[in-house]
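So in this note's numbering, the last spot in the sequence shown is 236, and the numbers never skip. Heads up: the structure comes next, in structure tokens.
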Amino acid sequence: MYVKKVNCSEWEHVSIPSSVRSIVALNLNNYASGRNPWGNLKPEYLEKRGFVEAHVDDGLLEIFGLKQGWHASFVMTELISAKHIAQAAGIRFEFRGGEWKEAFMQMDGEPWKQPMNKDYSTFVEIKRVPFQSLMIKGE
Numbered sequence: 098m099y100v101k102k103v104n105c106s107e108w109e110h111v112s113i114p115s116s117v118r119s120i121v122a123l124n125l126n127n128y129a130s131g132r133n134p135w136g137n138l139k140p141e142y143l144e145k146r147g148f149v150e151a152h153v154d155d156g157l158l159e160i161f162g163l164k165q166g167w168h169a170s171f172v173m174t175e176l177i178s179a180k181h182i183a184q185a186a187g188i189r190f191e192f193r194g195g196e197w198k199e200a201f202m203q204m205d206g207e208p209w210k211q212p213m214n215k216d217y218s219t220f221v222e223i224k225r226v227p228f229q230s231l232m233i234k235g236e
């Protein structure tokens with residue numbers, strides 16, 4: 098996974114912890130019927146991780162991971178927060194197939210199967226643009 102920080106033109110590689118099974122990128126502080134999976138983080142933690150407090154209008158995506166079903170359940174009931182990965186102005190995923198021929202994805206509540214090939218990479222990029230979101234199928 099690559100992220101682009103605010104006012105930066107370069108993509109920075111960010112490792113995804115091996116325990117993470119699902120990645121969520123939000124530009125809102127709520128998810129799944131009003132839950133707050135990013136959590137209410139203490140200023141010391143934010144500073145240590147290089148994060149800022151999440152706001153709807155800050156131009157940042159909060160990127161976090163969910164480990165297993167039990168972890169997602171605890172996050173959704175707000176007993177714990179999700180695994181914080183990054184905050185960025187943009188995010189780029191690189192997928193390459195192998196045993197898996199497709200990745201299961203969802204954007205704004207709309208699911209799709211993203212085809213993958215073992216011979217070349219498939220990129221999915223999420224970034225702020227001055228118009229509504231759209232999905233493009235390239236050939």
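Glycine included, each C-beta is placed from N, C-alpha and C at the ideal position. All of these numbers come straight from a predicted model, not from anything done at the bench.
Would you check if there are 3 or more beta carbon pairs closer than 8 Å linking the stretch 159-175 to the stretch 129-143?
Result yes; three or more Cβ-Cβ pairs closer than 8 Å.
Helix, strand or coil: which one does DSSP assign to Pro140?
Walking along the sequence shown from the start, residue 140 turns up at place 43. Looking at Pro140 - three-state DSSP - the assignment turns out to be helix.
Buried versus exposed, by CB contacts within 10 Å (16 or more), Glu159:
Here residue 159 is taken as the residue at index 62 of the sequence shown, counted from 1. So Glu159 counts as buried.
Cβ neighbour criterion (16 or more within 10 Å) applied to Pro134:
In the sequence shown, the residue the question calls residue 134 occupies position 37. Counting Cβ neighbours within 10 Å, Pro134 comes out buried, since at least 16 surround it.
C-alpha gap between Lys139 and Val153, whole angstroms
Reading the sequence shown from its first residue, position 42 is the one you call residue 139. Reading the sequence shown from its first residue, position 56 is the one you call residue 153. The straight-line gap from Cα to Cα measures roughly 18 Å.
Alpha carbon to alpha carbon, how far is Glu141 from Lys198? Give it in angstroms, no decimals.
Residue 198 sits at position 101 when you count from the first residue of the sequence shown. Residue 141 sits at position 44 when you count from the first residue of the sequence shown. Inter-residue distance for Lys198 and Glu141 is about 42 Å (C-alpha atoms, whole angstroms).
For Met202: DSSP bridge partner residues:
The sequence position of residue 202 within the sequence shown is 105, counting from 1. Answer is Trp209, bridged to Met202.
For Ser119, name the three-state secondary structure that DSSP assigns.
By one-based count along the sequence shown, residue 119 stands at place 22. Reduced to three states, the DSSP call for Ser119 is strand.
Just to confirm before moving on: does the CB-CB distance between Ser178 and Gly136 stay below 8 Å?
Within the sequence shown, residue 178 is the residue found at index 81, counting from 1. Within the sequence shown, residue 136 is the residue found at index 39, counting from 1. Result yes, Cβ atoms of Ser178 and Gly136 sit closer than 8 Å.
Determine, using beta carbons only, whether Val103 and Gly147 come nearer to each other than 8 Å.
Here the question's residue 103 lines up with position 6 in the sequence shown. Here the question's residue 147 lines up with position 50 in the sequence shown. In this structure, Gly147 does not lie closer than 8 Å to Val103 by Cβ.
Val111 lies in the beta strand (DSSP E); which residues open and close that run?
Start at 1 with the first residue of the sequence shown, and residue 111 comes out as number 14. From DSSP, Val111 is part of no beta strand (DSSP E); its letter is neither H nor E.
So which of Ala151, Gly194, Val117 has the shortest CA-CA distance to Asn126?
One-based indexing of the sequence shown puts residue 126 at position 29. Measuring from the Cα of Asn126, the nearest candidate turns out to be Ala151.
Segment limits, alpha helix (DSSP H) that includes His168:
Position 71 of the sequence shown, counted from the first residue, corresponds to residue 168. That run of the alpha helix (DSSP H) goes 166-173.
Rounded Cβ spacing between Leu163 and Ser115 (contact assumed at less than 8 Å):
What you label residue 163 is simply residue 66 of the sequence shown in a count that begins at 1. What you label residue 115 is simply residue 18 of the sequence shown in a count that begins at 1. Not a contact, Cβ separation roughly 14 Å.
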